[in-house]
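Below: the structure, in structure tokens.
Here you go:
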């Protein structure tokens, strides 16, 4: 045994090093994904025997489920508006990219919202929007607007939650851009300045191309964050009012594990749809990584 | 695995010098009890009751586990299969169905055949029956109804409404005085369905309500629309407090305390927090939800909490003995009195605490509820239907004009779950 | 540097910038500052409608004291007992996996690597029911161990991506030289590569700490009640208990947020290095 290992050390070692991670990963990630696909073909209340129903769950989900439709729309809103975190983060990063006294502390404090759990962010914003004592109505009251019950209005509630989500996400993008700005080539900037470029032109033609890696990462984490949104919805509205703030990830949880749920097969079908949606972005990301790998070596 | 509260039951039992019939039954062996009564007062009540059972059976080895009430609702699915106790708390009516269907609750029809139980618990037998068999025993229940500010009614010269028209005209007077008629918080949906229960049972009666629950009547039926039309009379008046869709029921209570709202439709559990918040029994009073359609027998919501024996239990004889003990007249009197649960006993031979609201509730349920006793919307209606319907009711209370759309949606859910 | 350094601008511009900074910061953190103010108000302020004025009295000790006599400390302890083993487990597994994928060339290397990345981006929801059932079957439902095992497995994806890229950037000559010396492969890992990976280990540790501390979804799916639940889930039952007592709810939220905040300020450099992985090459 030992001498075999001696001879094949280079070939065997990587596998020995990989085994623990692979086992855990297979058990908790790969296999469950397959199980979910399988479960989505069954009707199961989590107690008795599961009954095979073929594609019936998908049929109901895609053709006859209004809550699913609303969830999809809300997911689309999340995707569209959550991306505002990227220009927002860039804007703040540009604002803070100076070297005045105490700027480091300012940068840290601006980053603060990202470190706090979404649960706390959700609570903070719920109170921020509260129709009786919320700061939000106090502020818009100054300019003669309101009062608005943001989270109680089915038209506004989702935007209210997205705004809460944008707060930490903008902070995240800001950090990515601040680090990116650090690495921008000063010589190119000087050269561009000599050519008379400044302001927006400089940003667009010289800075942004150099920030492309940061933008890419910001894009990836924001898309994933948007599709994963669960904590904020769960805390701020619990899907309400009248189900108007559901997204796929929340709806799936609701159908499977909430008090009136335990439709496991149906929940799994929702999860599969969400997974396939996410797979588009994962595929794009992997393709980009693959291009990098090919170029790099 | 759970939060254990292995009270030193033996010691406690010895200390509990219960007078009279602590006649020892002297059962032996084990008894494992799971409780969802995690709030401090009910928890103490149940633990004291178990201690008295222990005193009767000093040789028995009793182990009690108390689980958070909300967490219990999902945990029960796990422990009934994997790690079954001998006795577990739960709720009556349709809430039992998934467990009965999955064969996880023991058939205890034999207990209900015993004269002691058959005679004294007859009123709750229906709520414990599925497929002609009984699947557990009740241990407490409480009335629902209108809790109102008597002082405000007096100030405005109003009296308890005898019918729906009076209810509406009272409400008009309350609104004219700058208040709201009813406070409610519908964030968690179920509060809205309390209104539906009463409006529907008063408009069309108990049997209709239960047919709708069983999915035998379309949600788009005209009779359902009539119920909502009655509801809309109140909504259009502006009877309910604003922004109720993002308040929970506790957050709705301050309106009643401050006098910004004159009444609340709620279960008797609202009395304790209202008293704590400073309302005296002179200020707070109770009346039955008035009749709507003349000639329809009045029926009430009175949710019942229950004990069951899991099919996988190890000590079913001891469990049966415990269930007999729980429903006995003396225990029922003791655990439901004002110092303990503050609710109504299920045994007809028990006496009701002389608390004002318990007396009124008991009288109402025993003399003026000929139509029947419902368990509450989300216990009577199947889970998926209940969830969709309660969401629709919340929406209706904010946007009554959406009614057609809401009813069509609910009908689709009914069709799908057939 | 872009934008142009402000110190080269006019004096007026500089002063404007310097005074704007704190103003913008307060605006940015306004919701949080509001909650911090809530947390030191007496209950009476809320009944009196004094939400935005100065607190009528400063109840810092009373409010926070009450939080500490509730079940909050228990939840916070749970959070630590979940987070720390997860950090250790995930970092250890991924350091090994990253070493294997970064140093060796073998068939399937890139596929495995991509598998880890893809797994990292998978929506949790698709794992939810099977992982819950698996945890139940292992008898680990509602235990910290059950939560830790899952977190370790899931975080391994992200950590491996990170570690592998970091190891790729190390000078390969060092490993070659060690091999020529005849040093066993595992010793190369332990004595050559691992010491060079210290910055990556630190960055990952801080980052994973924050991720796991802030996890809510899995806490709700795999645990219930104060025996095993971390503080993110605990704060909701804390709030149920102190319903509408906004001063206590605020104080509880602030306390729940403190550990990752402290972590961030202590380890800022590593934290940011972790986050910006790949952003700047």
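Protein chains in written order, with my numbering: chain A, 23 to 319; chain B, 2 to 419; chain C, 1232 to 1512. Even glycine gets a Cβ: it sits at the ideal position worked out from N, Cα and C. In this text, all values refer to a predicted model and were calculated from it rather than measured experimentally.
Alpha carbon to alpha carbon, what distance is there between residue j and residue i?
{"i": "residue 23(B)", "j": "residue 327(B)", "result": "The predicted position of residue 23(B) is uncertain, since its pLDDT is 42 and thus under 50; a value taken from the coordinates is nonetheless stated next. Spanning the two alpha carbons is a distance of roughly 14 Å."}
{"i": "residue 302(A)", "j": "residue 199(A)", "result": "25 Å"}
{"i": "residue 1513(C)", "j": "residue 1495(C)", "result": "This structure cannot speak to residue 1513(C), because chain C is shown only from 1232 to 1512."}
{"i": "residue 1247(C)", "j": "residue 130(A)", "result": "21 Å"}
{"i": "residue 123(A)", "j": "residue 108(A)", "result": "27 Å"}
{"i": "residue 203(A)", "j": "residue 260(A)", "result": "39 Å"}
{"i": "residue 143(B)", "j": "residue 301(B)", "result": "10 Å"}
{"i": "residue 1441(C)", "j": "residue 137(A)", "result": "7 Å"}
{"i": "residue 1332(C)", "j": "residue 1395(C)", "result": "6 Å"}
{"i": "residue 119(B)", "j": "residue 310(B)", "result": "18 Å"}
{"i": "residue 1(B)", "j": "residue 256(B)", "result": "Look at the range of chain B in this structure, 2 to 419, and you will see that residue 1(B) is not part of it."}
{"i": "residue 1367(C)", "j": "residue 1329(C)", "result": "31 Å"}
{"i": "residue 1296(C)", "j": "residue 244(A)", "result": "38 Å"}
{"i": "residue 90(B)", "j": "residue 1384(C)", "result": "36 Å"}
{"i": "residue 419(B)", "j": "residue 308(B)", "result": "30 Å"}
{"i": "residue 202(B)", "j": "residue 101(A)", "result": "45 Å"}
{"i": "residue 162(A)", "j": "residue 168(A)", "result": "6 Å"}
Can you give me the Cβ contacts of residue i inside the same chain, cut-off strictly under 7 Å, excluding the 5 residues immediately before and after it?
{"i": "residue 74(A)", "result": "63 and 64"}
{"i": "residue 256(A)", "result": "272"}
{"i": "residue 182(A)", "result": "151, 172 and 173"}
{"i": "residue 47(B)", "result": "36 and 38"}
{"i": "residue 9(B)", "result": "Bear in mind that a pLDDT of 39 at residue 9(B), under 50, signals an unreliable position, so the model cannot answer this."}
{"i": "residue 58(A)", "result": "290, 293 and 294"}
{"i": "residue 188(B)", "result": "246, 247, 248 and 249"}
Does residue i pass the burial test, meaning 16 or more other C-beta atoms within 10 Å, or should it be called exposed?
{"i": "residue 164(B)", "result": "exposed"}
{"i": "residue 416(B)", "result": "exposed"}
{"i": "residue 1452(C)", "result": "buried"}
{"i": "residue 304(B)", "result": "buried"}
{"i": "residue 369(B)", "result": "exposed"}
{"i": "residue 1356(C)", "result": "buried"}
{"i": "residue 1497(C)", "result": "exposed"}
{"i": "residue 20(B)", "result": "Note that residue 20(B) scores 36 on pLDDT, short of 50, meaning its location in the model is unreliable; the coordinates nonetheless yield the value given after this. Flag for residue 20(B) reads exposed."}
{"i": "residue 306(B)", "result": "buried"}
{"i": "residue 363(B)", "result": "buried"}
{"i": "residue 1510(C)", "result": "Only weak support is given to the placement of residue 1510(C): the predicted model assigns it a pLDDT of 44, under 50, and the question is left unresolved by the model."}
{"i": "residue 191(B)", "result": "buried"}
What residues from chain C crowd round residue i, counting only those whose CB sits closer than 7 Å?
{"i": "residue 36(A)", "result": "1331, 1335 and 1337"}
{"i": "residue 271(A)", "result": "1354 and 1356"}
{"i": "residue 152(B)", "result": "Chain C residues near residue 152(B): none, gap ~20 Å exceeds 7 Å."}
I'd like the list of long-range same chain contacts for residue i, defined as Cβ closer than 6 Å, with 5 residues on each side in sequence excluded.
{"i": "residue 134(B)", "result": "108 and 110"}
{"i": "residue 50(A)", "result": "none"}
{"i": "residue 1389(C)", "result": "1351"}
{"i": "residue 83(A)", "result": "90 and 291"}
Can you name, in chain order, every residue of its own chain whose Cβ lies under 8 Å from the Cβ of residue i, other than the five neighbours on each side?
{"i": "residue 226(B)", "result": "404 and 408"}
{"i": "residue 315(A)", "result": "none"}
{"i": "residue 1464(C)", "result": "1306, 1447, 1450, 1451 and 1454"}
Using the beta-carbon of each residue, which ones in chain A are nearer than 7 Å to residue i?
{"i": "residue 76(B)", "result": "Within chain A, no residue comes near residue 76(B); the closest Cβ sits about 12 Å away, beyond 7 Å."}
For residue i, return the contacting residues in chain B, with the cut-off set at a CB-CB distance below 9 Å.
{"i": "residue 1380(C)", "result": "Those within 9 Å of residue 1380(C) in chain B number zero; the least Cβ separation is about 16 Å."}
Anything in chain C within Cβ reach of residue i, meaning under 9 Å, just list it in chain order.
{"i": "residue 79(B)", "result": "1367, 1372 and 1373"}
What residues of chain C sit near residue i, judged by a beta carbon separation below 8 Å?
{"i": "residue 72(B)", "result": "1455 and 1456"}
{"i": "residue 31(A)", "result": "1415 and 1416"}
{"i": "residue 50(A)", "result": "1358, 1362, 1365, 1380, 1381, 1384 and 1385"}
Starting from residue i, find everything on chain B with Cβ-Cβ shorter than 8 Å and list it in chain order.
{"i": "residue 264(A)", "result": "246, 392, 393, 395, 396 and 399"}
Cβ closer than 9 Å: which chain A residues qualify as neighbours of residue i?
{"i": "residue 1294(C)", "result": "The premise fails here: residue 1294(C) is roughly 15 Å from chain A at the closest Cβ pair, so nothing lies under 9 Å."}
{"i": "residue 95(B)", "result": "Per Cβ cutoff of 9 Å: no residues; residue 95(B) is ~12 Å from chain A at best."}
{"i": "residue 1237(C)", "result": "120, 121 and 122"}
Which residues in chain A have a C-beta closer than 8 Å to the C-beta of residue i? List them in chain order.
{"i": "residue 1388(C)", "result": "47 and 51"}
Could you pull out every unbroken beta strand (DSSP E) segment of at least 3 residues lying fully inside the region 366-411 of chain B, listed in chain order?
373-375
What residue ranges within the region 258-334 of chain B form continuous alpha helix (DSSP H) runs of no fewer than 4 residues, ordered along the chain?
272-277 and 317-328
Just to confirm the assignment: which complete beta strand (DSSP E) runs, minimum length 3, are found wholly within the region 78-157 of chain B?
Counting only runs of 3 or more, we get 88-92, 138-142 and 145-150.
Contained alpha helix (DSSP H) runs [length at least 4] in the region 1383-1470 of chain C, N- to C-terminal order
1403-1411, 1429-1444 and 1448-1453
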